Each structure stands twice: as structure tokens, then as C-alpha cells.
Amino acid sequence: MLNSKPRKILIVGGGTAGWMAANLLVSKWPDVDISLVESEDIGIIGVGEGSTPHLKLFFDAIKVSDQEWMPHCNATYKNGITFDNWSHIAGFESYFHPFAAQTDDTFTLPHFFNNIRARMQGYQVDAHPDKYFLETYLTRQQLGPLPAESFPFGVAYGYHFDSGLLGQFLAKRAQKQGVNKIVANVVDVALNHEGNLAAVKLSDGTTLDADFFIDCSGFHALLLQKALGVSFISFKDNLFNDAAVVMPSPVTEVLPVETKSTALSNGWAWKIPLTNRFGNGYVYSGDYIDADKAETELRQHLGLLEADVDARHLRMKVGRVAKHWHKNCLAVGLSQGFIEPLEATAIALSFNTIAQFMQYFQQGNFSNQFAAEFNQDINARFDGIRDYVVCHYKANQRKDNDYWRDNAANTHISETLNKILYLWQHSPDFVGEMYKHNLMGSYQPKSWACMLAGYGVFPPLRAELAVDLAAQQREAEALYDFIRRCGLNFKNHRALLANMAG
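Residue 209 is where the sequence shown starts when you use the working numbering, and the numbers rise one by one after that.
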């Protein structure tokens, strides 16, 4: 195995994952010969995609500003996700899951957590998350996440973008930085006598060797799974959905700053705003509804039942590999695993995988010294995100058909998620217990509380527990006034993007 910086790195597969890896690698190790081979036969889906704030971290790492890439990718800003129709409890039919803001810890979270604590005891207080956060106000007012320079508090944000255009943008940039692009199909993989990857054979008969390989070959998983035999751990028992149907719809005058997730009969539909259209998709379980019926339901949901709009059908392989870094190969993107897109975590997982690998690889003098620790860390990220996504289904308050009832009754959940749900129902200090038992994982207590409170997962009210309604109203009005005044420092989303595009 290597004990010095590799001379040659070969990335197999392009797309967002492959070109993210290429850009990060060339920015960190510009003296290494980096090549990327991608197939001309694999079409670009180009669906509207969302991200968490990790995409901002990626662009910061390669020193690319929003102004440089967003106009090229029809991108918009994202303050968070609205979840509609996941609960049928009156008053809890919808909630917004915001990203973080520096106003949270001091000004808003204490109010939110205090009211959750009181509501769990049966007091009649307003613990719905939509009343407590600056990002929620910005979203409802169609305000972008970039404040005036004089505003002292930062707001985290993600993006919506055309995934095909983003891949093209990253490909051009990486090639300008010195990455060599090769268009060909990989038809065979050769191992050396130690069982490490040695070379790949291309469809034109040429062979490409390298010291280290990055597997970005998607669900095909040509290198890590097929050539090196690393096992895949399915999440099918945890997450039922295994397919999606996608189609665009016309953009509206109002440009949202949110992804919308609407629960349908046997899954959920996303709606993602781009500058030129909406990206839409229905993520569903083939065990409960077939592809044709799913497409019809999505068309009805979008008002496109009679429209001449093509739909694309996708299959999903939900789970992760046992090891993401094995021998001289790292898997990134779909080749390492996939969790359905409910929380838009694919980009975050790819970025964390590449960035953390580079750190461990260099720290270990370019050996596999820290591979076990790395794999443990990335597995924990996947499993933490899986648990949070599973909780959406476990905590759903619909239960109007077999799909939603079976999800609510699902017992194939992790010990960690079981503990979190137990603490929510039984602990007088949910947040403190989360920290005490180190249960945050990939999500902070704010996110867990927003979901469970947003779905109305509360015990019945106790009529004998009186509250000072006037004092509660004054507190709510003061908090709203603070949030409203903060909002004066932010611009309209569409105007913000128009200024950026020039």
C-alpha cells in the first residue's frame, strides 16, 4: 500500500459526485496527476435537486462564490424544507424545518424548547415550530438568506440547482485546474497480486493505471463493490421507498426559498424551485403502488394530468456499503450508498466523504492507517441520516392507508432512534438528555424537535393545567416582533438572484 502521496489518481464516473471529488482533490493536491473517466452512454437526468448548507462549504473549500456558479445552474437559495400533509392532526398539517441561524441559541430556541417541555406535560401552549425561527419568517416572506452587511447574525442556507448543469460547471472548472477528462466506458478492472486495484480497461482497448481510485460509478459500483467485493447493507427494512417518477413544471412569479415535501398516498412529492422551472418528483414504494399509478398521481398533484410533459422513472437502491474506503479505493456518491432524498443529504454525504478522506489519508502519510476510523465515521453519518429520515415515517400522523400505517408500525428501527423517541415521550428535558446520551448524530436537537413537534407528536392536553394565556400571547408577540425586525435586513429572493445574474 502507498506510504507517500499518490502520483496518479483515477476517478471512475462523473456526475456531481465525480466532479466534486475532482475539484477537491486538485485544489488540495495540484501536483498529483488526476484523471476522470466517464461514459458517454450514461445520460444526465438533470432533475432539480436540493442541498443542505454543506454545498456552501464545498464551494468555499474550492474558492467559488455563489455569483460564479449559481446563474450557470439555474440555482436558487434554500432556507429549509416545508413538510405538508404528513400529519392529519388539526393545526399540525404542515411545518417548516429551517436551517440554523445565529439568532437561534440566544433568542428563539429557549422559547421553543421551554414550550415543548410544557406541552409534553399537558399544558396548552403553542409548541408548533413555525412560530420560533427567523428562517421560517424569511421563507414565508420570500426573502433570501443573505443579510445586509450591518446585520450581526449569520443564516445558514442551502441551494436548489439543476444537477446536470452543476456537473457540467464542475467538470469545466476541474479541467481548467488540470484534471484530465477521458470519455469512455470501463469494461474491465484489473487487480494486482495484493488484491488492490491496478488498472481499468476501456471500451477502446486502452488501459488506465493509477495508484489510487475513486469510485463514482453510481449504483453500478464497478470498483468498490464489484471488483473489490465490499458488501452492501440494504436499508429496505427501514425505508420502504425504492422508486421515483420525476417531471418539470412551469416556474411561477413568486420564487420560493424552500423545498416543499408533500405526503401523497404511498410516498411523498418534492417541489424544487429553479430560476427557469420547478423540479418535481414522487418518491414511492413499489410494494404499495405501481409506476403508472404513481405517475398519474404526481400529474394530478401538479395539475398536469392532461399536459404534454414527459416523465422519467427511476429506481433507488437504498442503503450503504460496509466500508467506503477499502484498499486503494474510495467510493463517493451512489456507489457508496443512497438515502432517499427527503432531507436532500446526497451532496453533504459526498462532500463529507471526500473531505474527511483527504484529511485521514494525509494524516496517515497516504496509507490506510486511519481507514477503519474513517469508515466508522462515514457509516455513522449515513446511519444518523437514515434514522432521521426513518423518523419522518415512524412519526407520521396520517395512518389513512396501509402505506402510512405500516410505516408508523415499523419496528425495524435502530436502538438510537428508539432512544430518541423514548426520550421525547418520557423525558422532562429532551434536549439535555440528547446531549447527555450523545444522541445527536447527524442532526441537532432543534431538528428532532422541529419534526416531532411539527407533526404534533404530543400527549393529550390536560384541562386542569392552567396557563397565563395573556402572558403567553405577550411573549409570542415580542418574539414575532424581534424576528420581523430581523427580517428587514434581507432582500426579496427573486431580486437577489436577478442582481447576481446582472
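Every residue, glycine too, gets a C-beta built ideally from N, C-alpha and C.
All figures in this text were calculated on a predicted structure; none of them were measured in a lab.
What are the boundary residues of the alpha helix (DSSP H) that includes Phe486?
Start at 1 with the first residue of the sequence shown, and residue 486 comes out as number 278. From DSSP, Phe486 is part of no alpha helix (DSSP H) but of the beta strand (DSSP E) over 486-492.
Pairwise C-alpha distance: Ile324 and Ser425
In the sequence shown, the residue the question calls residue 425 occupies position 217. In the sequence shown, the residue the question calls residue 324 occupies position 116. Spanning the two alpha carbons is a distance of roughly 45 Å.
Assuming contact is defined by CB atoms lying nearer than 8 Å, are Gly256 and Phe440 in contact in what I supplied?
Counted from its first residue, the sequence shown places residue 256 at position 48. Counted from its first residue, the sequence shown places residue 440 at position 232. Against a cut-off of 8 Å, the Cβ pair of Phe440 and Gly256 comes out as no contact.
Do the CB positions of Thr561 and Val540 come within less than 8 Å of each other?
Taking the first residue of the sequence shown as 1, we reach residue 561 at position 353. Taking the first residue of the sequence shown as 1, we reach residue 540 at position 332. Going by C-beta atoms, Thr561 is nearer than 8 Å to Val540.
What would DSSP say about Pro279, mapped onto helix, strand or coil?
As a working mapping, residue 279 is identified with position 71 in the sequence shown. The answer is helix: DSSP assigns Pro279 an H, G or I state.
Are the segment 488-505 and the segment 446-456 in contact at 8 Å, needing three or more beta carbon pairs?
yes
Buried or exposed, going by whether 16 or more other CB atoms sit within 10 Å of the CB of Asn287?
In the sequence shown, the residue the question calls residue 287 occupies position 79. With 16 or more Cβ atoms within 10 Å of its Cβ, Asn287 is classed as buried.
To the nearest angstrom, how far is it from the Cα of Phe546 to the Cα of Ala563?
For the purposes of this step, residue 546 is taken as the residue at position 338 of the sequence shown. For the purposes of this step, residue 563 is taken as the residue at position 355 of the sequence shown. Cα to Cα, the separation comes out at about 18 Å.
Between Tyr285, Pro279, Asp249, Met708, which lies nearest to Lys264 when the distance is taken from Cα to Cα?
The sequence position of residue 264 within the sequence shown is 56, counting from 1. Selected option, being the one with the closest Cα: Tyr285.
Per DSSP, which one or two residues make a beta bridge with Gln791?
No answer is possible for residue 791: the residues shown for the chain start at 209 and end at 710.
Please classify His401: is it buried, with 16 or more other beta-carbons within 10 angstroms of its beta-carbon, or exposed?
Within the sequence shown, the letter at position 193 stands for residue 401. Exposed is the call here.
Does the beta-carbon of Tyr630 have 16 or more other beta-carbons within 10 angstroms, so that it is buried, or is it exposed?
Mapped onto the sequence shown, residue 630 falls at position 422. Looking at its Cβ environment, which holds fewer than 16 other Cβ atoms inside 10 Å, Tyr630 is exposed.
Select from Lys654, Pro668, Lys468 the residue whose C-alpha is nearest the C-alpha of Glu551.
Stepping through the sequence shown from its first residue, residue 551 is reached at position 343. Taking only the C-alpha atoms, the option nearest Glu551 is Lys468.
Leaving out the 5 sequence neighbours to the left and right, which residues in its chain are closer than 6 Å to Trp632 when beta-carbon positions are compared?
For the purposes of this step, residue 632 is identified with residue 424 of the sequence shown, where counting begins at 1. Taken in chain order, the residues that qualify are Phe638, Leu660.
Tell me whether the segment 507-516 and the segment 326-335 touch, counting them as touching only if at least three CB pairs, one residue from each stretch, are closer than 8 Å.
no
How long is the line joining the alpha carbons of Ile691 and Asp313, rounded to whole angstroms?
What you label residue 691 is simply residue 483 of the sequence shown in a count that begins at 1. What you label residue 313 is simply residue 105 of the sequence shown in a count that begins at 1. Using only the alpha carbons, I get a separation of about 14 Å.
Locate the beta strand (DSSP E) running through Gly256, then write down its first and last residues.
For this step, residue 256 is matched to residue 48 along the sequence shown. Unbroken beta strand (DSSP E) run through Gly256: 256-258.
Ignore the nearest five residues each way along the sequence and tell me which others in Phe522's own chain have a CB closer than 6 Å to its CB.
By 1-based counting over the sequence shown, the position of residue 522 is 314. Reading off the sequence shown, one finds Leu at residue 522, where the question assumed Phe. Around Leu522: Ala452.
Where His532 falls: helix, strand or coil (DSSP)
Numbered from 1 along the sequence shown, position 324 holds the residue referred to as residue 532. Three-state DSSP puts His532 in coil, outside helix and strand.
Since Leu410 and Ala435 should fall inside the 8 Å C-beta cutoff, what is the C-beta to C-beta distance between them, to a whole number of angstroms?
Locating residue 410 in the sequence shown gives position 202, counting from the first residue. Locating residue 435 in the sequence shown gives position 227, counting from the first residue. At roughly 15 Å, the Cβ-Cβ gap does not stay under 8 Å, so Leu410 and Ala435 are not in contact.
Could you tell me the alpha carbon to alpha carbon distance between Gly330 and Tyr568, rounded to whole angstroms?
Position 122 of the sequence shown, counted from the start, is the residue given in the question as residue 330. Position 360 of the sequence shown, counted from the start, is the residue given in the question as residue 568. Gly330 and Tyr568: Cα-Cα distance of roughly 49 Å.
Answer yes or no: do Val598 and Ile390 have a C-beta to C-beta separation smaller than 8 Å?
Here residue 598 is taken as the residue at index 390 of the sequence shown, counted from 1. Here residue 390 is taken as the residue at index 182 of the sequence shown, counted from 1. No.
How far does the alpha helix (DSSP H) with Tyr367 in it extend, from its first residue to its last?
The residue given as residue 367 occupies position 159 in the sequence shown. From DSSP, Tyr367 is part of no alpha helix (DSSP H) but of the beta strand (DSSP E) over 366-370.
Rounded to a whole number of angstroms, what is the C-alpha to C-alpha distance between Val220 and Asp608?
Indexing the sequence shown from 1 puts residue 220 at position 12. Indexing the sequence shown from 1 puts residue 608 at position 400. Distance between the alpha carbons of Val220 and Asp608: 45 Å.
Jot down the residue ranges of each uninterrupted beta strand (DSSP E) in the segment 391-431, minimum 3 residues, whole runs only, in chain order.
394-399, 405-410, 415-417, 420-423
Name the residue from Ala309, Ser371, Phe361 whose alpha carbon lies nearest to the alpha carbon of Trp227.
Translated into positions along the sequence shown, residue 227 becomes position 19. Comparing Cα positions, the closest option is Ser371.
For Val234, does the count of other Cβ atoms within 10 angstroms reach 16, so buried, or fall short, so exposed?
Indexing the sequence shown from 1 puts residue 234 at position 26. Classification of Val234: buried, given that the 10 Å Cβ count is 16 or more.
Just to confirm my understanding: we take Val459, look at its own chain, exclude 5 residues before and 5 after, and list those with CB closer than 8 Å. What are they?
Within the sequence shown, residue 459 is the residue found at index 251, counting from 1. Taken in chain order, the residues that qualify are Pro481, Leu482, Thr483, Asn484, Arg485, Phe486.
Which of helix, strand or coil does DSSP assign to Gly664?
Residue 664 sits at position 456 when you count from the first residue of the sequence shown. Residue state, collapsed to three classes: coil.
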